[in-house]
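Heads up: the structure comes next, in structure tokens.
Numbering (the numbering used here), first residue to last: 38 to 222.
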């Protein structure tokens with residue numbers, strides 16, 4: 038019975054196409070990660086990754102090819118993340134990565150590495166790019182995951198507005214990181 042319950046739990050928390058965590062799983066884990074980050078005073082960042090022009094891939098090459106691209110990107114994201122990071126598919130072509138013990142500077146380095154790897158990956162022999170937004174847990178965002186999500190979502194919007202295939206950090210996260218560095222000197 039326990040094994041069956043565990044199996045059902047895994048099915049409920051996993052995106053069936055990519056095997057990443059799903060939105061339900063994220064809503065289960067994210068508040069705990071935020072609570073731990075605040076309690077133990079360690080950094081927490083998130084990245085939202087949106088595949089550029091994905092609708093065009095589905096329209097021109099079919100949904101089977103689109104699904105293959107999503108599976109390959111999901112695999113790439115899970116392979117590049119650390120144990121303890123949460124990689125979730127949160128929408129059609131949108132992924133969110135929860136990065137505990139990771140400040141905005143390291144999150145942006147990771148975002149750029151991921152963006153570059155996606156660009157070089159060519160799943161299904163297609164040129165794929167991604168726009169990424171990152172944000173870190175800050176007092177300005179309150180203690181709420183939804184505010185952190187909104188900050189990263191605004192950053193990904195700026196990546197798209199500024200030409201796509203780029204990573205953008207939430208400006209408040211960058212400013213807070215600078216202020217923290219100055220106060221530690």
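For every residue, glycine included, the Cβ atom is placed at its ideal position computed from N, Cα and C.
Keep in mind that this is a model prediction, so the values were computed, not measured.
message: Quick check on residue 164: does DSSP put it in helix, strand or coil?
response: Residue 164 sits at position 127 when you count from the first residue of the chain shown. Reduced to three states, the DSSP call for residue 164 is coil.
Neighbourhood of residue 221 by C-beta distance below 7 Å, restricted to the same chain and skipping five residues each side: Stepping through the chain shown from its first residue, residue 221 is reached at position 184. Any reading at residue 221 needs caution, since the residue's pLDDT is 39, under 50, leaving its predicted position unreliable; the model's value is listed next. Counting only Cβ-Cβ distances below 7 Å, and skipping sequence neighbours, we find nothing.
- request: Spatial neighbours of residue 46 within its chain, please: CB distance less than 8 Å, with the 5 preceding and 5 following residues excluded, ordered by chain position.
  value: Within the chain shown, the letter at position 9 stands for residue 46. Nothing meets the Cβ criterion.
Euclidean distance between Cα positions of residue 200 and residue 128: Position 163 of the chain shown, counted from the start, is the residue given in the question as residue 200. Position 91 of the chain shown, counted from the start, is the residue given in the question as residue 128. Approximately 21 Å, taken between the alpha carbons.
task: Could you tell me whether the region 158 to 165 touches the region 182 to 202, where touching means 3 or more Cβ pairs closer than 8 Å?
output: no
Residue 159, buried or exposed, once every other Cβ within 10 Å from all chains shown has been counted against 16: Residue numbering aside, residue 159 sits at position 122 when the chain shown is read from its first letter. The residue is exposed, with fewer than 16 neighbouring Cβ atoms inside 10 Å.
field: Helix, strand or coil at residue 219 according to DSSP, with G and I counted as helix
entry: Numbered from its first residue, the chain shown carries residue 219 at position 182. The predicted position of residue 219 is uncertain, since its pLDDT is 42 and thus under 50; a value taken from the coordinates is nonetheless stated next. Helix.
- request: Can you give me the Cβ contacts of residue 103 inside the same chain, cut-off strictly under 6 Å, excluding the 5 residues immediately before and after it?
  value: Counting from 1 along the chain shown, the entry for residue 103 is found at position 66. The answer, listed in chain order, is 94 and 95.
field: Under 8 Å between C-beta atoms of residue 131 and residue 204
entry: Here residue 131 is taken as the residue at index 94 of the chain shown, counted from 1. Here residue 204 is taken as the residue at index 167 of the chain shown, counted from 1. No, the pair does not count as a contact, with Cβ atoms beyond the cut-off.
- request: Determine the burial state of residue 134: buried for a count of at least 16 other Cβ atoms within 10 Å of its Cβ, exposed for fewer.
  value: For the purposes of this step, residue 134 is taken as residue 97 along the chain shown, with counting starting at 1. Buried: at least 16 other Cβ atoms inside 10 Å.
Buried or exposed by the 16-neighbour rule on C-beta atoms within 10 Å, applied to residue 146: As a working mapping, residue 146 is identified with position 109 in the chain shown. So residue 146 ends up on the exposed side.
message: DSSP has residue 51 in a bridge; who is on the other side?
response: Locating residue 51 in the chain shown gives position 14, where the first residue counts as 1. 58, per the DSSP bridge assignment.
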